[in-house]
Amino acid sequence: STSGAVAAIDLGATSGRVFVGRVGSDTLTAEQVARFPNIPVHVADGMHWDVLSLYGAASEGLRTAFHTGEDIRSIGIDSWAVDYALLRDGRMLGNPFHYRDARTARGVEAVHAVRSHAELFARNGLQFLPFNTLYQFAAEAPDVLGFADTALLIPDLIAFWLTGQTRTELTNASTTGLVRAGAVEWDAALLDALGLPRGILSPLIAPGERIGTLLPAVAERSGAPAGIPVTAVGSHDTASAVVAVPMQADSAVYISCGTWGLVGVEVERPVLTPEALAANFTNEGGVDGRVRLLHNVMGLWVLSEAVRQWEREGHQVDLPTLLDSAAEVTTAVPVFDVNDPRFAPPGDMPARIAEWCAEHAQPAPRTRAEYTRSIVESLAQAFADAAHTAASLGDVDAKTIHIVGGGALNELLCQRTADRAGMTVLAGPVEATALGNILVQARAVGVVDGSLESLRDLVARTHAPRRYSPRA
Ligand code: LRH
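For the sequence shown, counting from 1, position 335 maps to 336 in UniProt numbering; every step adds exactly one.
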């Protein structure tokens, strides 16, 4: 049987990683060869990604990958969605803004003055999120946007630096709001209506297609043989994660749980019904033309920000110990609305939770263990609610909830999601995003073949999920 290796770059909101993936008819592994923190930087004009240092660390990771001596046949890149860099003549004009930067508010106002959310949803099928790329474009200073000749989403920017080619990968393009739901071309009419320049957008490319080959200078620095292709994967991290959910798509809900909890189902066609609009669901593009009908729920962000706050206050916090103590809490804790916009920007989460409780006549948690339990219970409730809504909107007879990503390691969260949803939770793989990236590349270079179903079958055979049955 054939087998082969590929390299995957996965940039998350809190860390970036590089993997060597090995794939064969009965093999699927992702060996992490580099991990580096992703620390946003606040400067006078706002909150930015330090994208050069991410690129530098990812390139170092590629060097390590090529030094493993594996016969690496392709490189693929995924990252968080929506954010972009502006360039002119190939030069980046500034550090990309972070989607949590407050500037998006004025973009929302400018766009909604022209098109309501309902009108936008009818075209692009997206959940209202203030940081969708179209709002960010509208928040740019007009002369900056006018000066740029190219806008590249984060994975496309990395691919450009590796290959010199400018393309926009489709699954991530679907998060911009500037592609009609289910379509494979930019929505020129919407761009015109919003007064946004069409010329800065690059041709779309589908997962599995070749973006280009490593530039000779890049190949030399990475110790890579000449001619290594960079392959488009589901470059939206969530799209890659959904590829590697070991599910039967017609009877399962998935939750890709990292910084965010993306809760949804996979469907064949966009669901643009009044119910989907009212539930604020999104129709994002998936690999192989599937549609990810999902809801962005708060994820581990609120917990990691709470931990950061406690550390700022001088406490030493060990997450596993904290979660153990949270599991032992027996007093009732408040279940708050994790999707309340007050929890989106960085800051003092325990204080914001206490403020929410005061406004809703609920007693605030008293200890760090109680806060942690309250956060986990609130996430589990939001996951359960969104899971049922996803199943109903997508007309899926859901029997199980698959949790993939870092959240699959959080036993309390998995169990309480099962309990609150009244459904079995199957947890893992933790590295679904990297595995999805790896699988799409492996298929593109001919190491495996077949449908998403057969790729998922390989994941199921090699990464048995952990089962949590619902308790009364
Ligand atoms: C998760 C994610 C999510 C987006 C958000 C910006 O990493 O890509 O799917 O909505 O980041």
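No residue lacks a Cβ here, since even glycine has one placed at the ideal position from N, Cα and C.
Quick check: does the Cβ of residue i come within less than 6 Å of any heavy atom belonging to ligand 2?
i: residue 100; result: Ligand 2 is not part of the structure shown, which contains ligand 1 as its ligands.
Could you give the DSSP three-state label for residue i: helix, strand or coil?
i: residue 1; result: Past the boundaries of the shown model lies residue 1; the chain is included only from 2 to 473, so the question cannot be answered.
i: residue 244; result: helix
i: residue 366; result: coil
i: residue 12; result: strand
i: residue 470; result: coil
i: residue 350; result: helix
i: residue 60; result: helix
i: residue 2; result: Residue placement at residue 2 is flagged as unreliable, the pLDDT there being 49, under the threshold of 50; the coordinate-derived value follows with that caveat. In the structure shown, residue 2 sits in coil (DSSP, three-state: anything other than H, G, I, E or B).
i: residue 32; result: strand
i: residue 174; result: helix
i: residue 129; result: coil
i: residue 148; result: helix
i: residue 167; result: coil
i: residue 138; result: helix
i: residue 337; result: coil
i: residue 330; result: coil
i: residue 17; result: strand
i: residue 417; result: helix
i: residue 40; result: coil
i: residue 267; result: strand
i: residue 113; result: helix
i: residue 75; result: strand
i: residue 118; result: helix
Can you tell me which of the options puts its alpha carbon nearest to the alpha carbon of residue i?
i: residue 470; options: 463, 435, 333 and 418; result: 418
i: residue 464; options: 373, 30, 12 and 52; result: 30
i: residue 240; options: 225, 230 and 257; result: 257
i: residue 262; options: 290, 304 and 137; result: 304
i: residue 98; options: 226, 133 and 123; result: 133
i: residue 466; options: 396, 237 and 427; result: 427
i: residue 86; options: 145, 244 and 438; result: 145
i: residue 202; options: 210, 167, 234 and 410; result: 167
i: residue 423; options: 288, 175, 254 and 438; result: 254
i: residue 284; options: 177, 140 and 200; result: 177
i: residue 112; options: 4, 208 and 139; result: 139
i: residue 64; options: 39, 88, 182 and 34; result: 34
i: residue 238; options: 314, 473 and 14; result: 14
Since residue i sits in a beta bridge, which residues does DSSP pair it with?
i: residue 261; result: 299
i: residue 283; result: 295
i: residue 80; result: 12 and 237
i: residue 403; result: 255 and 427
i: residue 232; result: 211
i: residue 153; result: 86
i: residue 205; result: 169
i: residue 1; result: Any property of residue 1 remains undetermined from this structure, which presents the chain solely from 2 to 473.
Which residues in the same chain have their Cβ closer than 6 Å to the Cβ of residue i, if we skip the five residues on either side of it in sequence?
i: residue 2; result: Residue placement at residue 2 is poorly supported in this model, since its pLDDT is 49, which falls under 50; the coordinates are not used for a value here.
i: residue 109; result: 131 and 136
i: residue 445; result: 209 and 232
i: residue 409; result: 428, 429 and 431
i: residue 158; result: 86
Residues in the same chain with beta-carbon distance under 7 Å from residue i, minus the five sequence neighbours each way, listed in chain order, please.
i: residue 330; result: 370, 371 and 374
i: residue 377; result: 327, 413, 414 and 417
i: residue 468; result: 425 and 427
i: residue 351; result: 307, 310 and 372
Looking only at its chain, what residues have a beta carbon closer than 8 Å to the beta carbon of residue i, apart from the 5 residues adjacent to it on each side?
i: residue 407; result: 258, 259, 301 and 431
i: residue 318; result: 308, 311, 312 and 369
i: residue 359; result: 365
i: residue 400; result: 252, 253, 424 and 425
i: residue 337; result: 354, 357, 358, 361, 363, 375 and 379
Open item on the list: I need the residues with a C-beta less than 7 Å from some heavy atom of ligand 1; please give them in chain order.
Closed with: 13, 14, 81, 82, 83, 100, 130, 132, 176, 237, 238, 239, 259, 260, 261, 263 and 297
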